[in-house]
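Peer 1:
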Amino acid sequence: MFRILLVLVVIAIGYDAVVHQGLYTRNVWTSVVGFTDSAVTGAKQLGQDAREESGTVRQ
Numbered sequence: 189m190f191r192i193l194l195v196l197v198v199i200a201i202g203y204d205a206v207v208h209q210g211l212y213t214r215n216v217w218t219s220v221v222g223f224t225d226s227a228v229t230g231a232k233q234l235g236q237d238a239r240e241e242s243g244t245v246r247q
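Residues 189 to 247, numbered by the working numbering, are exactly what the sequence shown covers, in order.
1. Run through DSSP, which three-state label would Q233 get?
2. Looking at the secondary structure, which residues open and close the alpha helix (DSSP H) in which G202 lies?
3. So, helix, strand or coil for G243, using DSSP?
4. Please report the distance separating the alpha-carbon of F151 from that of V216.
5. Sort A227, S226, A200 by Cα distance to R214 and report the nearest one.
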């Protein structure tokens, strides 16, 4: 099943690269990177808030 999905993804990315010059692939990649960045920033802020509440803030 994974191989079939992988083949479909490769075909879709190849089609996008040939027909649309990679526009959709770039948009998806930019969205994934933005989501990852916001998740990391949120996790860092959550950790900082937890340390501040417990009084163990490092300088």
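By construction, the Cβ of each residue, glycine as well, lies at the ideal position given by its N, Cα and C atoms.
Peer 2: With the structure as the only source:
1. helix
2. 190–207
3. coil
4. It is not possible to answer for residue 151, since the shown part of the chain is limited to 189 through 247.
5. Checked all of A227, S226, A200; the closest Cα to R214 is A200.
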